[in-house]
Amino acid sequence: MFELRWLWKYMGKKRHLFVVGLLLSAFTSAMLVVNPMLSQKLIDEVITPRKTDLLLPILGAMMGVQVLRLSLRYLMIVCLEKNSQQMMDDVRKRMYRVIQEQDYRFFGRIRTGDLMTRITSDLDLIRHFCAWISYNIVDSVVLFAVTLLYLCTVNVPLTLCMAAITPFILVVTYVFSKKIRPMYVDLRAKLSRLNTVAQENIAGNRVVKAFAREAYEERKFRECNEQFRDKNLKTTYVGVRFQPVIDLLSQSLTVTSLLVGGIFMMRGSLTAGQMLAFTSLTWALTNPLKNLGTLINDVQRFFASCRMVIEVFYAQPSIVDHAGACAPKERPRGELEFRNVSFRRNGALLLDHVSFHVEPGKTLGIMGTTGSGKTTLVNLIDRVYDASEGEVLLDGKNVQEYTLASLRAAVGMATQEVFLFSDSVLANVSYGNPAQTREQAVRSMRMAAADGFCRELPNGYDTLIGERGVGLSGGQKQRLALARALSMRPAVLILDDTTSALDMETENYVRRQLRHLDFPCTKILVAQKISSLRDADCILVLDRGRIVEMGTHEQLLENGGYYHHIWALQNSVEEEAVTIGA
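Here you go:
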């Protein structure tokens, strides 16, 4: 099966340990038959004829076999554990690397909680298969086969009587396997949903508290938890119904050996030692059959989890380096051009034949109604998405001709929705350029008006801030995001509504700093406030994915279009607010 072939392929360098472990499992399982064989010899050749010369050698051999078996068993477990842990480590690193390479479509299709389940519990189930289920399967098969073979050498008719029951057990096992497999797939989906609800609630706890929705979230989690519980119980009940049937059929082997074996002994066709061998090895036939239910449960869980891991493992991003893409030998100048660019997503036209040109070092402003395509447009520059039609050019070269790493190193971006890692202030600011010095990072914070409040934090720049910037205001987080983008010293700086949470004084300071950066940079400002865009060399006004106005602040005011309407509206609000405040 594909899942098993995939597992074998990606065991990597430690594959030989898995093979050695299974061989040791097979060998030590076969050794379980040795002591019953010696017991038969002890009864028939020592105790019954009362010849004591073989007593100590046989007892010594029995002790030696047991010591050797336990030693090899320990080595087997070491081999399988080392192999499974190494396999899990390699696959998890590969999965994490694959996840890092994915685009927005991937994360829109697979939820965060589901990804966390796949990279943790699903992968651990695969490790459990390698380290435990695999050798238990080998143990069961080899023990059953070797025991049956040995008993055939002792008494074929009695062995055949006992073996006649096994087809019934195999039929029951097959029916059980067909019924339980889809149930484990559904159970795995319920677990994924449960993890997703928990993850979203934890990540969005501030929103939950802000809207006093704790009771709703608790109810939603309780429902998912109960669904998972009910599916788990239903799956368990199926196993519970099948297990007694398997146990009953397995125990019938013991009854058969005693009944038929007793008849053969009374007829003189079976010795006391041979009878002891049969009765002492009956468990070697019944145990593998009794374990079938548990092993099938674990195997079906393995297949369900393995499919989830493989889906991520082989996921291919749609945004990749094109053939012939290369990194520029010099830092890009920042010349930017859109040539007749259109973009569709899920069949919807988000950008419609957009064309403009920005000279290196100039500032482009972008304004438009909600959903007009502003963020989509800037996301085409660093290839978060690829244009459906037309070309996006950087320094006269299609952005698809750059490697993704070099392109994104040349483009710095700060957005309104800020994510800050659970790390120090300095580490967050240096995230895009970890090689920079502390002084360079501090200079970026000064330009972003973040230096003042960072110094006042308990440990200054080394203060640990929480996930998503918990403990900081919206304006403080935006300033840190701006500092992080500036610290890259990019050729193109994109600020997507980055100053929306700043007060007027701070915004004016940041705007002055952006006009006098100490490195050449083309700036693209996306905003709804006229004050953020009025100094731009050119301003685009978007509506439904099309450029409806283009020009400087003065030119757009003269046009009397959407830009003039927004300017009048914002000035009107400000004047009215002043009058009321007075």
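Note that the working numbering has the sequence shown beginning at 622, numbered continuously upward.
Idealized CB from N, CA, C, for every residue including glycine.
Counting only unbroken stretches of 3 or more residues, no beta strand (DSSP E) element lies wholly within the segment 1037-1084. Aspartate 868 sits in a helix when the DSSP states are folded into three classes. Apart from sequence neighbours up to five positions away, the residues of its chain that approach threonine 673 with a beta-carbon distance below 8 angstroms are Val667, ordered along the chain. By the 16-neighbour rule on beta-carbons within 10 angstroms, methionine 1034 is buried. A distance of 8 angstroms or more separates the beta carbons of methionine 804 and serine 878. With a cut-off of 8 angstroms on Cβ pairs, the segment 836-852 is not in contact with the segment 879-889, counting fewer than three such pairs.
Taking a C-beta distance under 8 angstroms as the contact criterion, valine 775 and serine 650 do not qualify as a contact pair. Residue state for aspartate 1164 is assigned as strand, using DSSP reduced to three classes.
Of Leu663, Phe899 and Ala647, the smallest CA-CA separation from leucine 769 is found for Phe899. In the DSSP assignment, glycine 642 falls outside any beta strand (DSSP E) and lies within the alpha helix (DSSP H) extending over 636-652. Aspartate 1164 sits away from threonine 1036, with the two beta carbons spaced by 8 angstroms or more.
Boundaries around isoleucine 987 are those of the beta strand (DSSP E), 984-989, since no alpha helix (DSSP H) includes it. Between the segment 942-950 and the segment 977-994 there are fewer than three inter-stretch CB-CB distances shorter than 8 angstroms, so the stretches are not counted as touching. Scanning Gly734, Thr780, Leu701 and Lys714 for the CA closest to the CA of serine 755 turns up Leu701.
Contact fails between the segment 724-734 and the segment 898-917, because fewer than three Cβ pairs, one in each stretch, are under 8 angstroms apart. By the 16-neighbour rule on beta-carbons within 10 angstroms, glutamate 1038 is exposed.
Annotation for isoleucine 1115: the continuous beta strand (DSSP E) segment containing it runs 1113-1117. If you look at phenylalanine 959, you'll find it in the beta strand (DSSP E) that goes 957-966. The distance from the Cβ of isoleucine 1187 to that of threonine 1173 is about 15 angstroms, inconsistent with a contact at the 8 angstroms cut-off. For phenylalanine 765, there is no enclosing beta strand (DSSP E); the residue is found in the alpha helix (DSSP H) stretching over 755-775.
Rounded to the nearest angstrom, the gap between the Cα atoms of alanine 819 and cysteine 845 is 10 angstroms. In this structure, the beta-carbon distance from serine 1108 to serine 1152 does not fall below 8 angstroms. Between methionine 708 and leucine 645, the beta carbon gap of about 18 angstroms keeps them out of contact (Cβ cut-off 8 angstroms).
Under the three-state reduction of DSSP output, tyrosine 1023 falls in the strand class. Take serine 798, set aside five residues on each side of it, and the residues of its chain with a beta-carbon closer than 6 angstroms to its own are Ile917, in chain order. Its Cα nearest to that of alanine 752, the residue Gly642 stands out among Lys841, Met652, Gly642 and Ser963. By the criterion of at least three beta-carbon pairs nearer than 8 angstroms, the segment 1006-1023 is in contact with the segment 948-967. By the Cβ test, the segment 920-936 is in contact with the segment 710-719, since at least three Cβ pairs between them sit closer than 8 angstroms. If you look at lysine 1144, you'll find it isn't in any alpha helix (DSSP H); it sits in the beta strand (DSSP E) that goes 1143-1147. Taking every protein chain shown into account, the CB of valine 962 has 16 or more other CB atoms within 10 angstroms, so this residue is buried. By DSSP's assignment, cysteine 1159 forms a beta bridge with Leu985. When C-beta atoms of the segment 883-894 are compared with those of the segment 787-794, fewer than three pairs fall below 8 angstroms, so the two segments do not count as touching.
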